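First residue of the sequence shown? That's 31 in my numbering, and the numbers climb one at a time after it. Structure record follows, encoded as structure tokens.
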Amino acid sequence: MKQVILKFQFIAVLIFCFFQGQSQSKDTIVDVGQYKLHFNIIQGTGTPILFESGSGNDGTVWKDIIQPIADITGATIITYDRAGLGKSTIKDGKTDFKDNQILDNVKALERGLKQLGYDEDLILVAHSLGGFYTTLFASRNEKKVKGVVFVDASLASYYSEEFVNKLKGVLSEEFLNKLKAEKIGLYNEIMNIESSIELLRKTNFPSSVPVIDLVASNPYNPFKNEDDKNRWIDGHQDFVKYHQNRTLMMINNANHYAFKDNPNFIIYQIIRVYATSVEATKTKSMLLRTLDFSSYNSNSKND
Numbered sequence: 031m032k033q034v035i036l037k038f039q040f041i042a043v044l045i046f047c048f049f050q051g052q053s054q055s056k057d058t059i060v061d062v063g064q065y066k067l068h069f070n071i072i073q074g075t076g077t078p079i080l081f082e083s084g085s086g087n088d089g090t091v092w093k094d095i096i097q098p099i100a101d102i103t104g105a106t107i108i109t110y111d112r113a114g115l116g117k118s119t120i121k122d123g124k125t126d127f128k129d130n131q132i133l134d135n136v137k138a139l140e141r142g143l144k145q146l147g148y149d150e151d152l153i154l155v156a157h158s159l160g161g162f163y164t165t166l167f168a169s170r171n172e173k174k175v176k177g178v179v180f181v182d183a184s185l186a187s188y189y190s191e192e193f194v195n196k197l198k199g200v201l202s203e204e205f206l207n208k209l210k211a212e213k214i215g216l217y218n219e220i221m222n223i224e225s226s227i228e229l230l231r232k233t234n235f236p237s238s239v240p241v242i243d244l245v246a247s248n249p250y251n252p253f254k255n256e257d258d259k260n261r262w263i264d265g266h267q268d269f270v271k272y273h274q275n276r277t278l279m280m281i282n283n284a285n286h287y288a289f290k291d292n293p294n295f296i297i298y299q300i301i302r303v304y305a306t307s308v309e310a311t312k313t314k315s316m317l318l319r320t321l322d323f324s325s326y327n328s329n330s331k332n333d
């Protein structure tokens, strides 16, 4: 029996390594006018999957889950850094936060994807404030977005005037000046938060786009306030209510960065959305790769 188990583990490792070897990565900077955006692309086929990071995060925040998704789906995986984060830059003379609104960033992403040749069908994955960007992108590109996975993503309804004022109240001028010098992308997001919320309140998420809305059991809650926690969860329940193509799922034993606390669950849900956009023959082979991945991880944890 032990030999059989070892043989199975060996086969699973071979299969897993085989699929890892099939994808090639492309690291590139794209000039989109006001910004130079850094993209990392794991090249594949079919509908690309675009990842939108949370506030202050660049594309590397997804590094632990994108390769398994690429291996299993065979899809092109796209991560990128928003302007002023990671390796993406804002050109001289355009650094004032008023010139770097959330819509400017979404339009820049659209231009970057077009230059790269990925401006047709897309699946979107968004974490935290990335939910704002994804909502805007989907509203502007409804026919192109084939599915969305929210990972404890922000909804405008959560950001009441009282909550925003409380957030701004804990940020000192010294801290903001340091951010402006060292992480201007995050600085711009903070300074523009009120205008971003105003725009998002006027933006309806397209009803035609299917969504898996994943909410952490310990969601975004910077002030550790039970009322804020409940408001976050209630907002997501309202988001999916009356929409048959939106599914709310709680991520057990997970904090706001749920893809770090429960990566396999997040990976499976992204694969689930992707599977709805591919042919039945591809779905079967993808299922087998998913089982291989699951078996490999289960055995690894029990070693």
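Beta carbons: idealized from backbone N, C-alpha and C, even for Gly. If you're wondering where the values come from, they're calculated on a predicted model, not measured in any experiment.
- Beta-bridge annotation (DSSP): K66 is paired with D61, T119.
- Following the DSSP letters along the chain, one finds D291 inside the alpha helix (DSSP H) bounded by residues 288-291.
- DSSP places Q54 within a strand segment (E or B) once states are collapsed to three.
- With at least 16 other beta carbons inside 10 angstroms of its own, A168 counts as buried.
- Annotation: the continuous alpha helix (DSSP H) that includes F167 extends over 160-170.
- G265 is not a Cβ neighbour of L159, given a cutoff of 8 Å.
- K174 has its alpha-carbon roughly 10 Å from the corresponding atom of L154.
- Leaving aside the five residues that flank I71 on each side, the residues in its chain whose CB is nearer than 6 Å to its CB run, in chain order, K56, I108.
- In the structure shown, the three-state DSSP call for H266 is helix.
- Secondary structure note for Y110: its beta strand (DSSP E) is the uninterrupted segment 107-111.
- H157 is bridged by DSSP to V181.
- Taking a contact as a CB-CB distance under 8 Å, the pair K213 and G86 counts as one, their CB atoms being some 7 Å apart.
- Taking the CA atoms as reference points, P78 sits about 24 Å from G63.
- Between E172 and P236, the C-beta gap is smaller than 8 Å, which places the two residues in contact.
- Following the DSSP letters along the chain, one finds T277 inside the beta strand (DSSP E) bounded by residues 276-281.
- In this model, E256 and T75 are separated by some 44 Å (Cα to Cα).
- Membership of E82 in the beta strand (DSSP E) is indicated by the continuous run 79-82.
- A straight-line Cα-Cα distance of about 22 Å links N283 and F323.
- Only buried fits G142, as 16 or more other CB atoms lie within 10 angstroms of its CB.
- A residue is called buried when at least 16 other Cβ atoms come within 10 angstroms of its Cβ; S307 meets this threshold and is buried.
- The beta carbon of V194 sits closer than 8 Å to those of I223, E224, I227, all from its chain and outside the five residues before and after it, given in chain order.
- Secondary structure note for L201: it is in no alpha helix (DSSP H), with a DSSP letter that is neither H nor E.
- DSSP, read as helix, strand or coil, puts V239 in coil.
- In the three-state scheme derived from DSSP, where H, G and I count as helix and E and B as strand, K259 is classed as helix.
- Around the beta-carbon of A211, fewer than 16 other beta-carbon atoms lie within 10 Å, marking it exposed.
- G177 and V303 do touch by the CB rule: their CB atoms are close to 4 Å apart, below 8 Å.
- Counting only the Cα atoms, W262 lies some 11 Å from S190.
- Excluding residues up to 5 positions away in sequence, G177, N275 lie with their Cβ nearer than 6 Å to the Cβ of P240 in the same chain.
- Within the same chain, R261, W262, G265 come within 7 Å of Y188 by CB-CB distance, once the 5 residues on both sides are set aside.
- Per DSSP, E224 is one residue of the alpha helix (DSSP H) stretching across 223-231.
- Residue environment for L201: exposed (fewer than 16 other C-beta atoms within 10 angstroms of its C-beta).
- A check of alpha carbon separations from K66 across M280, I220, D134, A186 identifies D134 as the nearest.
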